[in-house]
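Reviewing the structure listed below.
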Amino acid sequence: MIRLAIQKSGRLSDDSLKLIRECGISFISTTSKLKTEATNFPLEILYLRDDDIPGYVADGVADIGIVGQNVLVEEGLQQLTVKALGFSKCRLSLAVSKGDAYEDVTTLQGKSIATSYPNLLREFLTSKGVEADIHTISGSVEIAPSIGLADAVCDIVSSGSTLISNGLREVETVFKSEAVLIANQNLNPEKSRLLQQLLFRMEAVQKAQK
Ligand code: PRT
Ligand code: ZN
1 MIRLAIQKSG
11 RLSDDSLKLI
21 RECGISFIST
31 TSKLKTEATN
41 FPLEILYLRD
51 DDIPGYVADG
61 VADIGIVGQN
71 VLVEEGLQQL
81 TVKALGFSKC
91 RLSLAVSKGD
101 AYEDVTTLQG
111 KSIATSYPNL
121 LREFLTSKGV
131 EADIHTISGS
141 VEIAPSIGLA
151 DAVCDIVSSG
161 STLISNGLRE
171 VETVFKSEAV
181 LIANQNLNPE
191 KSRLLQQLLF
201 RMEAVQKAQK
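Following UniProt numbering, the numbering of the sequence shown begins with 1 at its first residue and continues without gaps.
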């Protein structure tokens, strides 16, 4: 039996469940439950918050998982990556108030930036030789400039409409992300074999969609 961790409820959930079903795996999904067992493959599904998935897979509480690269790399666990899955695509971007002058990333030198991704942001700024004051907040990052909490924000963007409706302008892409399959690095031979079977099926699904 192999244990897969997926997001309980959020932007990754539907596509994660869909991928498992497209692999020919049947299970009864109820969001009220915390786990479920497949009926025709030795797979157990755990429903978790996305932020907890990389750590649980690293620790072996789950054997494999599906999570956004943004969360995985922020938590410093990119070495768990097995395969990019092509859904939940988004980017982590820097944005400033739409009336603020912005030349290039050096404009942010000495400024304060609100984000939920301090590690990804710090790495980006360091690579550009910029020093800024990073304020880590866990949600509602977009309102930080309008309430005087920060000069700029660094947040996840897909369509861009959230930034626009908060009077912000996207100025730099910090990190590009999509959902990835991750795996514990010390799977026993039986679990490794099950992972290989799953990967084979996922690749067949992806080929059929091309
Ligand atoms: O409860 P839990 O902790 O499990 O979920 P969560 O609220 O932390 O995550 P969730 O469900 O919002 O996102 C899960 C993953 O989906 C993220 O880690 C990304 O990998 C991916 N993803 C794809 C996104 C988006 N698109 C996205 N648009 N994650 C968040 N957003 C948010 C963004 O934070 C901003 O508030 O949507 C808003 C911007 O969207 P646009 O379309 O207006 O630009
Ligand atoms: Zn989360």
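No residue lacks a Cβ here, since even glycine has one placed at the ideal position from N, Cα and C.
Quick caveat: nothing in here was measured; it's all calculated off a predicted structure.
Whole-angstrom distance between residue j and residue i, CA atom to CA atom
i	j	result
residue 15	residue 208	16 Å
residue 107	residue 73	26 Å
residue 164	residue 121	21 Å
residue 29	residue 168	39 Å
residue 40	residue 146	53 Å
residue 65	residue 135	29 Å
residue 12	residue 210	21 Å
residue 151	residue 199	44 Å
residue 183	residue 4	9 Å
residue 160	residue 100	18 Å
residue 19	residue 173	28 Å
residue 123	residue 171	17 Å
residue 26	residue 95	43 Å
Cβ neighbours of residue i in the same chain (closer than 6 Å, five flanking residues each side left out)
i	result
residue 176	91
residue 118	134 and 136
residue 77	54 and 58
residue 22	205
residue 89	178
Cβ-based neighbour list, residue i, same chain, cut-off 7 Å, excluding 5 preceding and 5 following
i	result
residue 180	67, 69, 72, 81, 83, 84 and 85
residue 2	42, 43, 63, 64, 191, 194 and 195
residue 87	15, 178 and 179
Cβ-based neighbour list, residue i, same chain, cut-off 8 Å, excluding 5 preceding and 5 following
i	result
residue 137	114, 115, 116, 144 and 149
residue 131	109, 110 and 125
residue 186	60
residue 33	47
Cβ neighbour criterion (16 or more within 10 Å) applied to residue i
i	result
residue 93	buried
residue 52	buried
residue 104	exposed
residue 158	exposed
residue 188	exposed
residue 7	buried
residue 38	buried
Closer than 8 Å to chain D by CB, residue i
i	result
residue 96	No chain D is present in this structure, which holds just one protein chain.
Is it a yes or a no for the stretch 141 to 151 touching the stretch 185 to 205, going by three-plus beta-carbon pairs under 8 Å?
no
Can you pull every residue whose C-beta falls closer than 7 Å to some heavy atom of the ligand ZN, listed in chain order?
Sorted by position in the chain, 10, 49, 50, 51 and 71 make up the residues whose C-beta lies under 7 Å from a heavy atom of the ligand ZN.
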